[in-house]
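Engineer: Have a look at the structure that comes next, please.
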Amino acid sequence: MDATAASLADGVARGDRRSIARLISLAENDDPIGAEALRILHPRAGKAHVIGITGSPGTGKSTLTDRLIEAARRRGKTVGVVAVDPSSPYTGGAILGDRIRMQSRSTDPAVFIRSMGTRGALGGLSSHTADAVKVLEAAGKDLVFVETVGVGQAEVDVVRLADTVVVVLVPNLGDDVQAVKAGLMEIADLFVVNKGDLSGADKVAADVEANLMLAHPPAAPDGGVPWSPPILRTIAERGEGVVAVLEAAARHRAWSETSGEWSRRRVRRVLDQVRALLERKVTLFAFEPDGTPRPAWKALLGDLVAGRLSPQDAAGRLLAAFKP
Amino acid sequence: MTERPIRVLVAKPGLDGHDRGAKVVARALRDAGFEVIYTGLRQTPQQIVAAAVQEDVDLVGLSCLSGAHMTLFPKIKQLLVTEGAEDVVVFGGGIIPDDDAARLKASGIEAVFGPGTDTREIVRFIDQHPRFAALRPVAA
């Protein structure tokens, strides 16, 4: 066992902020020491309530998250936050600005906030967001909020990571057909209509409600009563309605635990992580992190470029040569 | 250490509301391939250091136009050391007289960029810093 990884894991388990921060970085950078520390910490993770906050850019996700942190702290809960913002597809650079709105508890030692760039991932999270969540869980946080990038309609990876998904809507973004569309509108366990003081808030809430009335939600995993997503109104800027969001999330957790949904999602989450690790290992066997081919297959590359080899052939040969 | 994006916290300590410079620098660093965490106006040294630790940044860039830089910049450097983050490189900018800049450098602020600085000069400062020689931005 790597001594550095062991002491890092130990630091995280003690809640040491430098260790938490460093391990998230190592995981994010595919460092083997980070992978080993995550392995050690795995049994400690899995106890936090992971709440995803998603919605279009500018709907108030960060402000809502800030007020949820405050409400959770008032209830004595410890809180972790992973806030994802987009990386540039051209330079890899990013402006991670979610912290600007998350200042209520910025020096509270029971709150740990981490910003991540998407680094090429397209589903609203980064490929290592799950690792960051795991680190915060292992550090003993009761609640972990995951704020996605501002999403459009189909970036729904958060549903694979969160126990409870909060979809944040605002007035005047479209007509009632938007509420019927597949994707984002299907993944909500809770709808929040933020900026509820703007005109049009009633209409959004009504559109969503009308859409929910048409749905035949699948039965709960235990065959019991399905969860019916509540539609909540907030004015996050003023903190109005935020406690109700936290309470609804707690009700969703309680329903999930009794209905079997909690473990269904947790099983899916670990399976997703295994799949992601496999994809990543195979990809990194063939490619450098920046996407250029590894030296080992320079010859193959020549044939590929010259058209003597198809992409299918090249992938087949690389898989045949794959060593973990 | 393998290649990875360099992470920079751009922060505005003090009570002035002039964030144009901080935003221009943040944008320039983004375009140079850095991950920039921007925390907004009127941050206390404690808030800035808490963010620097949680974000595990390589550098902290401070912008102050209120005249309080001689108090705030060294205080932030000192708090970083207290937190065990003495390896974080601190640089700054704003309306800072040359005499003050020299004293700031003596207190551990590694570079001071005044008004009119070409943003590429700041990028060069980071790129050529010995701490980051092995850590080119991903797309560079």
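Taken in sequence, the protein lines are chains F and D.
What the first sequence shows, in my numbering, is residues 32 to 355, in sequence order.
What the second sequence shows, in my numbering, is residues 109 to 248, in sequence order.
Positions of the beta carbon are idealized from the N, C-alpha and C atoms, including for glycine.
Bear in mind the structure is a predicted one, so any value in this text is a computation, not a measurement.
#1: If I measure Cβ to Cβ from Glu229(D) and keep anything under 8 Å in the same chain, skipping five residues before and after, which residues do I get?
#2: Which two residues bound the contiguous alpha helix (DSSP H) that contains His283(F)?
#3: Could you check where the beta strand (DSSP E) with Ala119(D) kicks off and where it finishes?
#4: By DSSP, does Thr195(F) sit in helix, in strand, or in coil?
#5: Work out the CA separation of Phe142(D) and Asp206(D) for me, nearest whole Å.
#6: Using a Cβ-Cβ distance under 8 Å, would Pro113(D) count as near chain F?
#7: So which residues on chain D does Phe143(F) lean against when the C-beta distance must stay under 8 Å?
#8: Need the endpoints of the beta strand (DSSP E) that Arg145(F) sits in, please.
#9: Taking only runs of the beta strand (DSSP E) that begin and end inside the stretch 201-285 of chain F, which ones reach a length of at least 3 residues, in chain order?
#10: Under 9 Å Cβ-Cβ, which residues of chain F neighbour Leu137(D)?
#11: Cutting at 7 Å between CB atoms, please list the residues of its own chain near Ser146(F), excluding the five before and the five after it.
#12: State yes or no: is the C-beta of Thr179(F) within less than 8 Å of the C-beta of Leu153(F)?
#13: Flag this pair as yes or no: are the beta carbons of Lys226(F) and Gly91(F) separated by less than 8 Å?
#14: Per DSSP, which residues does Thr85(F) bridge with? Please list them.
#15: What first and last residue would you give for the alpha helix (DSSP H) that runs through Gly347(F)?
#16: Where does Gly171(F) sit, in a helix, a strand or coil, going by DSSP?
#17: Whole angstroms are fine: how far does the CA of Asp166(D) sit from the CA of Ile234(D)?
#18: Within the continuous beta strand (DSSP E) that includes Asp116(F), where are the two ends?
#19: As a quick exercise: from Val224(F), Met244(F) and Leu243(F), pick the residue whose alpha carbon is nearest that of Val235(F).
#20: Between which two residues does the alpha helix (DSSP H) containing Gly42(F) stretch?
#21: If you count every other CB in all the chains shown that lies within 10 Å of the CB of Thr289(F), and 16 or more means buried, which is it?
#22: Buried or exposed: Pro63(F), going by 16 or more other Cβ atoms within 10 Å of its Cβ?
#23: Counting contacts by CB-CB distance shorter than 8 Å, is Ile131(F) in contact with chain D?
#24: Is it true that the CB of Leu99(F) sits closer than 8 Å to the CB of Val276(F)?
Structural biologist: Reading from the atomic positions:
#1: Phe221
#2: Val273 to Ser290
#3: Arg115 to Ala119
#4: strand
#5: 28 Å
#6: yes
#7: Gln162
#8: Val142 to Gly148
#9: 221-224 and 262-264
#10: Gly124 and Ile126
#11: Ala114, Asp116, Leu127, Asp129 and Arg130
#12: no
#13: yes
#14: Val198(F)
#15: Pro342 to Ala352
#16: coil
#17: 10 Å
#18: Val110 to Asp116
#19: Val224(F)
#20: Ala34 to Ala44
#21: exposed
#22: exposed
#23: yes
#24: yes
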